[in-house]
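For the record, in the sequence shown the residue sitting at position 403 is 403 according to the UniProt record's numbering, with numbers rising by one throughout.
We put the CB at the ideal spot given by N, CA and C, even for glycine.
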Amino acid sequence: MELETSVYRPNVAVYDSPDGVEVRGRYDQTFAKILTREALGFVAELQREFRGHVRYAMECRREARRRYNSGGVPGFDPSTKFIRDSDWVCASVPPAVVDRRVEITGPVERKMIINALNSGAKVFMADFEDALSPSWENLMKGQVNLKDAVDGSITFDDKSRNKAYKLNDQIAKLFVRPRGWHLPEAHILIDGEPAIGCLVDFGLYFFHNYAKFRQTQGSGFGPFFYLPKMEHSREAKIWNSVFERAEKLAGIERGSIRATVLIETLPAVFQMNEILYELRDHSVGLNCGRWDYIFSYVKTFQAHPDRLLPDRVLVGMGQHFMRSYSDLLIRTCHKRGVHAMGGMAAQIPIRDDPKANEMALELVRKDKLREVRAGHDGTWAAHPGLIPICVDAFTGHMGKTPNQIKSMKREDASAITEEDLLQIPRGVRTLEGLRLNTRVGIQYLAAWLTGSGSVPLYNLMEDAATAEISRVQNWQWIRYGVELDGDGLGVRVNKELFGRVVEEEMERIEKEVGKDKFKKGMYKEASKMFTKQCTVAELDDFLTLAVYNHIVAQYPINVSRL
């Protein structure tokens, strides 16, 4: 791990930490209001109780990967058939979030939080995960921002635009997405080891905000969360236990905390009933995290040369395996009495090209109409400018009815099989597909390394999921020497071709962003890291985990004078 060079400062301020907890992030008086002794103690208690369970779950992931790499495929678990076949339902949806027809998502940045809460969406998902580069500054400022948002005091003065931002009287309901189980928090050590990132995100936010949230936003329920990257119901069971522990420590009713789980890994689609069952007292549904789902498809089948993806722009909801996943999610959620949330519209309004803008918005319209007609209860948008289109699509179909849980049971989807969910996507592979993956992957990683996790690229708001698809697809194509059969070239992808593509795309990036920005940014470093990730012998599980150490800046305390 790269550590910042430290000097002996005998009077340096430090955080007031309980026994066994050491905060190695930069000290800041504002951060200290979040990192109180009591709040850190709460996080430490969660870590000590559940770290063994998390370690076991991560080992089970590795074992599953070994099984897939040996030729196995995911499928429905025969041992939990009784859960899938039984007639049970989740706890009733809290009145505060019965209508979720449009949700907006974004990082926990101050201006973003205000704009999103004011956007007209029903829900804002504030993100500590894929839309955030998890530097110490971003994480702690995010906690400060959320605390101010929950108590209603959040404001932002944009001096460059001479504009002041504050909350409207009517705002969206706040959900928070912590990081996945696999990500550490290297700036906080508990008993000498890095904290579990999601327990830091959840623990600090819950500790400081549960009481106020339940009074204002939750109408007696809450706080509300989104849970990412799960692969098995055992991981949902850990979250359920964390929620129960937090409720008990806070002295609030069991079932107060509610969460929506993102179904964004291929193994999880076979565990949807089981995941809802484990969280049945705390669930408010499932969401189609479709970009990460595509990433997971490649990762799951990394050792299966017969399951190569076409250009990623061709892997949409028209593909049979994607449509089957969406339909089965709707069927499962509605059978269990909870929301089935649709996928992300990542488009950004194109202000300088009205024709291109209308074409992009028409794609959003069609996607949202497809979702609501299929039975989804709500959808995601990445930009406030898309909210009216999404609202029109869902309200035009649903009217004043808050959701479709009872009206769209999708009994037909009960016939969906393992083969439907695993069907190989159809389409061609092109040199432009390889170029786009490379160009987007490098630019996203360069932004992530400099503190931005939500990045506008080519009229789309990209997060880590797009970079992950780009990385693993490049790796897959290089690994198996795929033929680029879609543009008449007939060439096969290898490291030499990829090396030339990287060089040429770096020249294009420099022209697009300008020499000054290119020189000041971390494009060269990002290019090296991305190239390595695409050409390694063994595929890394997550790009953000592999390069995390490059954004860790520890500030050792109690340093001896040399």
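Own chain partners of residue i with C-beta closer than 7 Å, once the 5 adjacent residues on each side are dropped
i	result
Ala526	Ile442, Leu445, Ala446 and Leu449
Pro18	Arg37, Leu40, Gly41 and Ala44
Asp463	Asp130, Ala131, Gly453 and Ser454
Val89	Arg336 and Gly337
Tyr15	Val23, Tyr27, Ala32 and Leu35
Glu264	Pro228, Lys229, Gly289, Asp292, Tyr293 and Ser296
Gly180	Glu129, Cys198, Pro228 and Lys229
Leu167	Ile114, Leu117, Asn118, Gly152 and Ile154
Gly285	Thr260, Cys333, Val338, His339, Ala340 and Met341
Ser324	Ile416, Asp420 and Leu421
Gly451	Ser133, Ser135 and Asn138
Gly255	Ala91, Asp281 and His282
Ala13	Tyr27
Glu418	Gly75 and Phe76
Cutoff 8 Å; reference residue i; Cβ partners in own chain excluding five residues on either side
i	result
Ala164	Thr155, Phe156, Asp157 and Asp158
Thr395	Arg101
Thr531	Phe498, Gly499 and Val502
Asp169	none
Asn240	Glu278, Leu279, Asp281 and His282
Leu174	Leu117, Val123, Phe124, Ala126, Leu146, Ala149, Val150, Phe213, Gln217, Pro223 and Phe224
Val144	Thr30, Phe31, Lys33 and Ile34
residue 564	For residue 564 there is no data in the structure shown, the boundaries of the chain being 1 and 562.
Ser70	Ala303
Ile330	Ala340, Ala374, Gly375, His376, Met408, Arg410 and Ala413
Ile509	Arg439, Ile442, Gln443, Phe518 and Tyr523
Glu4	Its pLDDT being 39, under 50, Glu4 is placed unreliably by the model, and the measurement read from it follows with that caveat. Closer than 8 Å at the Cβ level, and outside the excluded window around Glu4, lie Ala553, Gln554 and Tyr555.
Expected contact under 8 Å - CB spacing of residue i and residue j to nearest Å
i	j	result
Met322	Ala382	At roughly 19 Å, the Cβ-Cβ gap does not stay under 8 Å, so Met322 and Ala382 are not in contact.
Val315	Pro425	5 Å
Ile196	Gln29	Their Cβ separation, rounded to whole angstroms, is 26 Å, which puts Ile196 and Gln29 out of contact at 8 Å.
residue 577	Thr379	Because the chain is modelled from 1 through 562, residue 577 falls outside the range shown and cannot be assessed.
Ala236	Leu279	5 Å
Thr80	Glu274	5 Å
Phe50	Ile238	6 Å
Leu545	Leu183	6 Å
Val428	Pro310	6 Å
Asn474	Cys534	4 Å
Ile348	Pro456	6 Å
Ala96	Ser219	5 Å
Span of the alpha helix (DSSP H), counted from its first residue to its last, around residue i
i	result
Ile104	Counting along the chain, Ile104 falls outside any alpha helix (DSSP H), though it belongs to the beta strand (DSSP E) covering Val102 to Pro107.
Asp367	Pro354 to Ala374
Ile330	His320 to Lys335
N- and C-terminal bounds of the beta strand (DSSP E) containing residue i
i	result
Thr155	Thr155 to Asp158
Thr260	Arg258 to Ile263
Glu185	Pro184 to Ile190
Pro349	Per DSSP, Pro349 belongs to no beta strand (DSSP E) and is neither H nor E.
Ala393	First-last for Ala393: Ile387 to Met398, but that is the alpha helix (DSSP H), not the beta strand (DSSP E).
Glu418	Taken as a continuous stretch (DSSP letters only), Glu418 belongs to no beta strand (DSSP E), being part of the alpha helix (DSSP H) at Glu418 to Leu422.
Ala195	Glu193 to Ile196
DSSP beta-bridge partners of residue i
i	result
Tyr205	Answer is none; Tyr205 lacks a bridge partner.
Phe175	Met125 and Phe224
Tyr165	Phe156
Arg36	Sequence check: residue 36 is Thr here, not Arg. In the DSSP output, where bridge partners are listed per residue, Thr36 has none listed.
Gly378	Met341
Spatial neighbours of residue i in its chain, beta-carbon cut-off 6 Å, leaving aside the 5 residues before and after
i	result
Gln319	Pro425
Ala121	Val102, Glu103, Ile104, Ala172 and Ile387
Asn459	Ile348 and Ile350
Val547	Met529
Closer than 9 Å to chain B by CB, residue i
i	result
Leu117	This model lacks chain B altogether; it includes just one protein chain.
(Q) To test your reading of the DSSP string, which unbroken beta strand (DSSP E) runs of 3 or more residues are found completely within the segment 111–139? (A) 123–127
Q. At which residue ranges does the segment 270–308 contain complete alpha helix (DSSP H) runs of 4 or more residues, listed in the order of the chain?
A. 272–278 and 290–300
Q.
As an exercise, report each continuous beta strand (DSSP E) stretch of at least 3 residues that is fully enclosed by the UniProt domain "Malate synthase C-terminal" (429–551), in chain order.
A. 455–457 and 460–462
Q.
What ranges does the beta strand (DSSP E) occupy inside the segment 9–33, keeping only unbroken runs of at least 3 residues that lie completely in it?
A. 21–23
Q. Counting only runs that start and end within the segment 209–246, where is the beta strand (DSSP E) found for 3 or more residues in a row?
A. 224–227
Q | alpha helix (DSSP H) segments (min. 4 residues) lying fully within the segment 39–96 | A | 81–85
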